[in-house]
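Structure, as structure tokens:
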Amino acid sequence: MSRNCGLTLPLLTRGSAFALLCLLLGTLELNALDVTLNNFQDTVCLHAEWQMNFTIKYETVKSGPKTVSVQVPTNVSYSGSDCGTVNNISQIQVRFGASFFWNVNFTREKSTYFIDSISFSYNTSDNDTFPDAKEKGVFTTIFEINTVEIPLGDIFRCHSEITVKQENVTHTYWDIFVRAFIQNNTSDSQEYVCDDDEFLTTVSTIIPATVPVPTTKPVPEEKPFPGTYSVKNGSAVCLLATMGLRLNITKDKRDENRFYLKGVNISLPFVKGSGFVAGNNNLTCWDAPLGSSYMCKKEDVIVVSDSFKINTFDLRVQPFNVMEGKYATAQECSLDDDSILIPVVVGAGLAGLILIIVVAYIIGRRKSYAGYQTL
Numbered sequence: 003m004s005r006n007c008g009l010t011l012p013l014l015t016r017g018s019a020f021a022l023l024c025l026l027l028g029t030l031e032l033n034a035l036d037v038t039l040n041n042f043q044d045t046v047c048l049h050a051e052w053q054m055n056f057t058i059k060y061e062t063v064k065s066g067p068k069t070v071s072v073q074v075p076t077n078v079s080y081s082g083s084d085c086g087t088v089n090n091i092s093q094i095q096v097r098f099g100a101s102f103f104w105n106v107n108f109t110r111e112k113s114t115y116f117i118d119s120i121s122f123s124y125n126t127s128d129n130d131t132f133p134d135a136k137e138k139g140v141f142t143t144i145f146e147i148n149t150v151e152i153p154l155g156d157i158f159r160c161h162s163e164i165t166v167k168q169e170n171v172t173h174t175y176w177d178i179f180v181r182a183f184i185q186n187n188t189s190d191s192q193e194y195v196c197d198d199d200e201f202l203t204t205v206s207t208i209i210p211a212t213v214p215v216p217t218t219k220p221v222p223e224e225k226p227f228p229g230t231y232s233v234k235n236g237s238a239v240c241l242l243a244t245m246g247l248r249l250n251i252t253k254d255k256r257d258e259n260r261f262y263l264k265g266v267n268i269s270l271p272f273v274k275g276s277g278f279v280a281g282n283n284n285l286t287c288w289d290a291p292l293g294s295s296y297m298c299k300k301e302d303v304i305v306v307s308d309s310f311k312i313n314t315f316d317l318r319v320q321p322f323n324v325m326e327g328k329y330a331t332a333q334e335c336s337l338d339d340d341s342i343l344i345p346v347v348v349g350a351g352l353a354g355l356i357l358i359i360v361v362a363y364i365i366g367r368r369k370s371y372a373g374y375q376t377l
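So this is what it looks like as structure tokens:
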């Protein structure tokens, strides 16, 4: 069953949209890196989550310059990562594929810490990744940051995309969440937000006191950052996709006690620079009362556009009023509600019975005239 669902209301927070993205994608895996390090006392001393990819330009023997995009897989190694409890320098090391190595250093001072430097190495002898490479060997790019001092105990957060070009390599980082040199593993730490995130959260609220409030002007929506996803057939990856996807859940202003899915927006870059973009901000899917969850076990289809549809299976979602991390009582979709079949079956049976009676009556009437002739 396909549904084209409709209304316009405010956007949901980025975090909730991200959670719903995971629900929609089902078996697809988001390639977010996540590492937690313990010290010699077996207590957490560093935790980091982030996403990154790389674009590398190299020379070929026959075709001149060539560019390859490197997506970080889920099966990486963090071997060599260290908390830095002795020398005040901690590091995260990431090894992936047959030819890639990435490293970031954190330096601690008296009351602050900062991201010191990042290095990235790749081996052009890997013919699968760098076919026909003119120069074979290991190449390393290093760039220093050390401009942002973060108070000890605080979490550094930056959802905005950060792009750095160093020699032949372009680094792209986003959805960064880092807490280094953890002294007590508490959950009440404050966040130190990067400048780009800070700008996004304040640009729509700062109004000079001496200037009259202007007519409300729509603020352009932030472009969704691309994530990399994979589908596996057993242990082998059979599909890879990189896309940015925004999901919007809103409370219904026609009825303040309900919520529904308002919009879906997707951007999918292709290999040769082109891309696919689709969106629909006039949906009314997944409608349910606030304080409950929405559930649909059977397959359902959300029509985003003529060329893009989302199929959901065993769906359950609750974007508001989640208590203790558990779903509330679910409102089932109409596809799961078998009770509506009963009146349909009864109605169809009655209609069939009436049709049989009418046909029998007509036949009987015709036979009753068969024994008489006109005088």
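Numbering (this note's numbering), first residue to last: 3 to 377.
Even for Gly, the Cβ is constructed at its ideal location relative to N, Cα and C.
So is residue i buried or exposed if we call it buried at 16+ other beta carbons inside 10 Å?
| i | result |
| --- | --- |
| G349 | exposed |
| I117 | buried |
| P153 | exposed |
| L263 | buried |
| L357 | exposed |
| M325 | exposed |
| S113 | exposed |
| I365 | exposed |
| I359 | exposed |
| A100 | exposed |
| S237 | exposed |
| N267 | buried |
| G2 | Not covered by the structure: residue 2. The range shown for the chain is 3 to 377. |
| L355 | exposed |
| A50 | buried |
Apart from the five residues on each side of it in sequence, which residues of its chain come closer than 7 angstroms, Cβ to Cβ, to residue i?
| i | result |
| --- | --- |
| N186 | none |
| V74 | N33, L35, M54, N55, F98 |
| K300 | L337, D338 |
| G293 | N323, A330 |
Could you tell me which residues DSSP puts in a beta bridge with residue i?
| i | result |
| --- | --- |
| G236 | Paired residues: none, contrary to the question. |
| A350 | Its beta-bridge partners do not exist; DSSP assigns none. |
| P67 | E61 |
| R260 | P291 |
| Q95 | N105 |
| K328 | M325 |
| I117 | F108 |
| T142 | S123 |
| A50 | V37, V180 |
| Q192 | None, per the DSSP bridge assignment. |
| C160 | I178 |
| C298 | L317 |
| D84 | Q93 |
| N55 | Q73, T174 |
| T165 | T174 |
In three-state DSSP terms, what is residue i?
| i | result |
| --- | --- |
| D130 | coil |
| L39 | strand |
| R367 | helix |
| R16 | For R16, the predicted structure reports a pLDDT of 37, less than 50, and the residue's modelled location is therefore unreliable. A value from the coordinates is still provided. If DSSP states are grouped into helix, strand and coil, R16 belongs with the helices. |
| V305 | strand |
| I208 | Per-residue confidence for I208 stands at a pLDDT of 45, beneath the threshold of 50, marking its modelled position as unreliable; no derived number is given. |
| A135 | strand |
| A100 | coil |
| L285 | coil |
| V150 | coil |
| L357 | helix |
| D338 | coil |
| D197 | helix |
| V215 | With a pLDDT of only 45 at V215, under the threshold of 50, the placement of this residue in the model should not be trusted, and no figure is reported. |
Please report the Cβ distance between residue i and residue j, rounded to the nearest whole angstrom; I am assuming they are in contact, meaning their Cβ atoms lie under 8 angstroms.
| i | j | result |
| --- | --- | --- |
| S83 | Q93 | 6 angstroms |
| D156 | E111 | Not really, about 14 angstroms apart at Cβ, beyond 8 angstroms. |
| V63 | K136 | 5 angstroms |
| V303 | K311 | 5 angstroms |
| T57 | T172 | 4 angstroms |
| I120 | F141 | In fact, because the Cβ distance is near 15 angstroms, the residues do not count as touching under 8 angstroms. |
| A332 | Y296 | 7 angstroms |
| V70 | F132 | 7 angstroms |
Output needed for residue i: all residues of its chain with C-beta closer than 6 angstroms, excluding positions within five of it in sequence on either side, in chain order.
| i | result |
| --- | --- |
| R159 | F179, E193, V195 |
| A182 | L48, S92, F108, Y115 |
| F315 | E301 |
| D198 | S162 |
| S127 | K138 |
| G86 | S92 |
| T174 | N55, T165 |
| C335 | C298 |
To which residues of the same chain is residue i closer than 8 angstroms at the C-beta, ignoring the five residues directly before and after it?
| i | result |
| --- | --- |
| S307 | A280, G281, N282 |
| P67 | K59, Y60, E61 |
Check whether chain B comes within 8 angstroms of residue i, counting only Cβ atoms and requiring the distance to be less than that.
| i | result |
| --- | --- |
| E61 | Checking the listed chains, one finds no chain B in this structure; it contains a single protein chain. |
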